[in-house]
Amino acid sequence: MPVIEWTEDLAVGVPSIDEAHHQFVDLLNMLPGASDADFPGLFAKLAAHSQEHFAEEEQMMERSSFPVIDIHKAEHARVLAELEQVQQQLEEGDIAAARIYITDQLSAWFVLHRNTMDYVTAAHIQRTSGSY
Ligand SMILES: [Fe+2]
Ligand SMILES: [Fe+2]
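Using this note's numbering, the first residue of the sequence shown is number 64, and each one after it goes up by one.
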């Protein structure tokens with residue numbers, strides 16, 4: 064069973080954000096079944112994808128003058144720091160901790176973040192600038 068099931072309910076209505084979120088969910092779902100040999104590489108891919116997506120979302124927030132951009136950016140920065148920390152643990156060989164982080168923390172974070180900050184941001188982008 065996937066950690067997160069992608070359904071249209073997860074869409075926020077801005078195609079580029081939805082596409083990136085779908086890719087995030089696909090990558091996340093590959094991690095629990097990955098072998099210890101494949102796990103670090105896949106994790107690095109998910110971290111790089113997140114970094115790219117957050118930057119893209121932040122550009123959209125800037126272009127649409129999203130009023131609470133700083134709060135949303137700070138949350139992205141917090142998660143990127145977390146991903147970096149887990150990547151460090153992986154380099155030290157602690158794959159078990161990284162597996163727990165994926166299934167217990169990052170998955171729940173994604174759904175919460177989508178339901179709150181990303182949802183509100185997407186609504187603002189659609190209201191002010193149309194869809195990207
Ligand atoms: Fe976000
Ligand atoms: Fe997002």
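For every residue, glycine included, the Cβ atom is placed at its ideal position computed from N, Cα and C.
- Within its own chain, the residues whose Cβ lies closer than 8 Å to the Cβ of I132, once the five positions on either side in sequence are excluded, are E121, M124, E125, listed in chain order.
- Membership of V149 in the alpha helix (DSSP H) is indicated by the continuous run 132 to 154.
- The three-state reading of DSSP puts S127 in coil, since its state is none of H, G, I, E or B.
- The alpha-carbon of I165 is positioned some 20 Å away from that of T179.
- Using a cutoff of 8 Å, the CB of F117 counts as near ligand 1, since one of the ligand's heavy atoms is closer than that.
- Contact annotation: Q150 and A107 have beta-carbon atoms nearer than 9 Å.
- Taking a cut-off of 8 Å for Cβ pairs, the region 86 to 101 and the region 136 to 146 do not touch, as fewer than three such pairs fall below it.
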